[in-house]
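**Q** Dropping a structure here in structure tokens format, bear with me for questions.
Numbering (full-length UniProt numbering), first residue to last: 1 to 910.
Next up, the structure:
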């Protein structure tokens, strides 16, 4: 535990900046020539300890530790754990769904396959009326029926679809059904409609069209008897004249504006209404006519439609009232003005269903129901295919006061269905076997086939996902290296792999595993759509005992699903295949330390890396800046570059000294009054150890020093090391060296008239040998090494003048890159690739020319300034020079500062 905590403390809050700071501090304590293998290992960040952010902690870090080359956590394998958990949940869910639905305890929902929630609301309400369900079950089609031409309703098709749907809702083993057949029979579009208007229009259309069907008369009479009532509207004038009009109704349309209870809305419906603009047919006078409404006959099922819409004069549109309305669970109709003589039992209507509408308009929003089960008396909430038990809606007793926290059913109730107490309710009789038998057999066959297929598919999904997780887990475990000081001695056993490659492999594997579930879901859907003859024959020949025997049936289904899945894997390629990953090498074609400490490259176990490359068919290439590829192999821990670390050490020392000297230059620049005197410039000779320097040159000291160092740096190599699938890598790098040789030979044969003789035999691939140049590995730069013909023009420049021009900056900047290149062979590493020699020589020739031109300009500039200074001194002896405001002031600067001596001797002298 102590070791784990210390490791966590070591890496706890450290990022790349902190790591670079520590490396810089170590490099400052070492001279470039004293760089050893241990310091190189440290500079590459390979001496770090175990990452304590991902393993063995309760709250692991969400991202990978880029600054630690050994950390392989959070590269993508953690996604598999979530996928396995989802697969287990799906498997358990399918196992539960394999049980048949208990229709007595769990009602069936309806799928909303378009904007048909209003149709689902209507169907669920009337399905749960046992008498109406029995009427639909008793429907019989007739061959004598003549199908009318559209747009007239095909009432036989509608009644057949409704009978089939009611039977499915009653007997299906699933928890939901689809009313698509019924909606298509009604030729409904996908625009939402008002559920109350749809109910009224449906019963009116059925009533009219059943009259045209041979078997429709009895159905029509039974439906009217169940839902239709009769009311009388009387017009009475004060003159004594009156007229009565009796009409049937299927629903009472109640306005709730100004009412908080259902009883109040009913009283408002039957209240006398004075017709001020109506003329009496008896006396001809206006204003004396009153309309009275009374009930002649109440149906067994009373539908109350609640009008929640009023006209808004401010907007000119309809506005929905969201006023909570209290409605009783038992409605006593004795208070209604009716002429029937009803018993006390017949006067009590019980609430059986509530239609709820959520939304601002009737043609939008969502419809759902709260319905009491006709046999168990339990209340259920029907929200399309989701049906859940709920508490009873409404209130026991209405109160005139407004409720403080009304339930949602009181606030959004849109229609109420009351049913007269009718004694014990019997289960409706199903249609005869010749009609319902084929429906039952098809449902059972589909259920057993689909539930078994779903369960087996979910089981196979879990197995396949777990298998892929084991594969990638084994690979990542084989790649992991335990950080240890002994790793430097075992550098040959380490290998470097791009982080993007590891992340790409894990992402590809995860994508493959995630698609298994979708692929198997498609297979189960195909099994559902399969209607081959052998399946139909097997279904027809199987008895109930055969269908309920799970062992043989599940074994057969598993075999079919597995065979279809295995066959598909052979035909479908992986969508997200690996793409080649490249890293930029150092100028010596070795692994760059920047790529390691920045997290671009991870240090892994070489044996695990080789197995990974073999299993995934990975190929390594070196791509030059011309785009030519050479075959390569894994880069091991021996590929760390000591030359680059030495150059990094020089850069660190240079930067440190430059910051100190730049600070001194700034301080000297601020001491203008004490260090600068124009008279002293002409009247005094500067001390032997001092010299004059322009203030502008002093101000640009840091920039000039940095530019001078950059001039001496090697041009960074643009060679890249690429690893990826063999085909993709070969296509990405263009024409390889082998292909160039083959093309040249083919062109030679064609030129000689020999033609094609076949493919060249492939030569064995070996690691690219880093041979040294002929001059012993010394890369000549800036005039070092033997001179060439284009350098003869520089012979006119004397060596002492050249030292004067370059001496100051050479001491500060440090040895040129040629010294670094010269020592490269001494450090045990090859200096450069043989293919790069010609290119480097051309670059050196161009740079030599540029240096010669720059040196001549500097000499001419120095000679001109010397002559101007001597003339100024001679003139100053005859006539004193006057100081002018705004004239540039010169300062004396200690020559020891440029020579890099200690700060005490750097002070400028007057």
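Even glycine gets a Cβ: it sits at the ideal position worked out from N, Cα and C. Only a predicted model underlies this, so the values are computations on that prediction, with no experimental measurement involved.
1) Identify the residues that DSSP records as bridge partners of residue 620: which are they?
2) Is the number of C-beta pairs between the region 384 to 391 and the region 309 to 325 that are closer than 8 Å three or more?
3) First and last residue of the alpha helix (DSSP H) that includes residue 209?
4) Can you confirm whether the region 240 to 248 touches the region 270 to 288 when touching is taken to mean that 3 or more C-beta pairs between the two stretches lie within less than 8 Å?
5) Please classify residue 424: is it buried, with 16 or more other beta-carbons within 10 angstroms of its beta-carbon, or exposed?
6) With respect to the alpha helix (DSSP H) encompassing residue 341, which residues constitute its N-terminal and C-terminal limits?
7) Going by DSSP in three states, residue 498 sits in which element: helix, strand or coil?
8) Tell me which residue opens and which closes the alpha helix (DSSP H) that residue 696 is part of.
9) Using the Cβ count rule (16 or more neighbours within 10 Å means buried), how would you classify residue 670?
10) Would you kindly report the start and end of the unbroken alpha helix (DSSP H) that includes residue 256?
11) Can you list the alpha helix (DSSP H) stretches of 4 or more residues lying completely in the region 300 to 363, in chain order?
12) Pick helix, strand or coil for residue 932, following the three-state DSSP scheme.
13) Considering just the uninterrupted stretch of the beta strand (DSSP E) at residue 388, what are its terminal residues?
14) Comparing C-alpha positions only, which one of 29, 43, 638, 75 sits nearest to residue 500?
15) Less than 8 Å between the beta carbons of residue 603 and residue 496, yes or no?
16) Identify, in the order they occur along the chain, each residue of the same chain with its Cβ nearer than 8 Å to the Cβ of residue 403, setting aside the five sequence neighbours on each side.
17) Would you check if the distance between the CB atom of residue 351 and the CB atom of residue 415 is smaller than 8 Å?
18) Exposed or buried, what is residue 648 when buried is set at 16 or more other beta-carbons lying within 10 Å of its beta-carbon?
19) Considering only the alpha carbon of each residue, which of 206, 629, 626 lies closest to residue 912?
20) Quick one: is residue 118 buried, meaning 16 or more other Cβ sit within 10 Å of its Cβ, or exposed?
21) Going along the chain, which residues of its own chain have a beta-carbon closer than 7 Å to the beta-carbon of residue 23, five neighbours each way excluded?
22) Hey, would you say residue 40 sits closer than 8 Å to residue 597, going by beta carbons?
23) I think residue 357 touches residue 311, with their Cβ atoms under 8 Å apart; what is that distance to the nearest whole Å?
24) Using DSSP bridges, identify the partner residues of residue 292.
25) Out of 139, 125, 16, state which residue places its alpha-carbon closest to the alpha-carbon of residue 429.
26) Which residues mark the beginning and the end of the alpha helix (DSSP H) in which residue 133 is found?
27) Can you tell me where the alpha helix (DSSP H) with residue 669 in it begins and where it stops?
28) Enumerate in chain order the residues of its own chain whose CB-to-CB distance from residue 584 is below 6 Å, with the five nearest sequence positions on each side excluded.
29) Report yes if the C-beta distance between residue 329 and residue 251 is below 8 Å; otherwise report no.
30) Check the C-beta distance from residue 113 over to residue 178 and give it rounded, since I have them as a contact under 8 Å.
31) Could you tell me if residue 53 is buried or exposed, where buried requires 16 or more neighbouring beta carbons within 10 angstroms of its beta carbon?
32) Considering only C-alpha positions, which residue in the set 704, 373, 445 is nearest to residue 427?
33) Alpha carbon to alpha carbon, how far is residue 18 from residue 25?
34) Looking only at its chain, what residues have a beta carbon closer than 8 Å to the beta carbon of residue 700, apart from the 5 residues adjacent to it on each side?
35) Below 7 Å CB to CB, which residues in the same chain sit around residue 366 once its five sequence neighbours on both sides are set aside?
36) Going by DSSP, name the residue or residues bridged to residue 395.
**A** Reading off the structure:
1) 632, 723
2) no
3) 195 to 210
4) yes
5) exposed
6) Residue 341 -> no alpha helix (DSSP H), and no H or E assigned at all.
7) strand
8) 695 to 699
9) exposed
10) Unbroken run through residue 256: none, as it is neither H nor E.
11) none
12) Since the first residue shown for the chain is 1 and the last is 910, residue 932 is missing from the structure and cannot be characterised.
13) 386 to 389
14) 75
15) yes
16) 324, 326, 410
17) no
18) buried
19) Past the boundaries of the shown model lies residue 912; the chain is included only from 1 to 910, so the question cannot be answered.
20) buried
21) 42, 43
22) no
23) Actually they do not touch by this definition, with Cβ atoms about 19 Å apart.
24) 234
25) 139
26) 130 to 137
27) 642 to 670
28) 720
29) no
30) 6 Å
31) buried
32) 373
33) 11 Å
34) none
35) 117, 358, 359
36) 328
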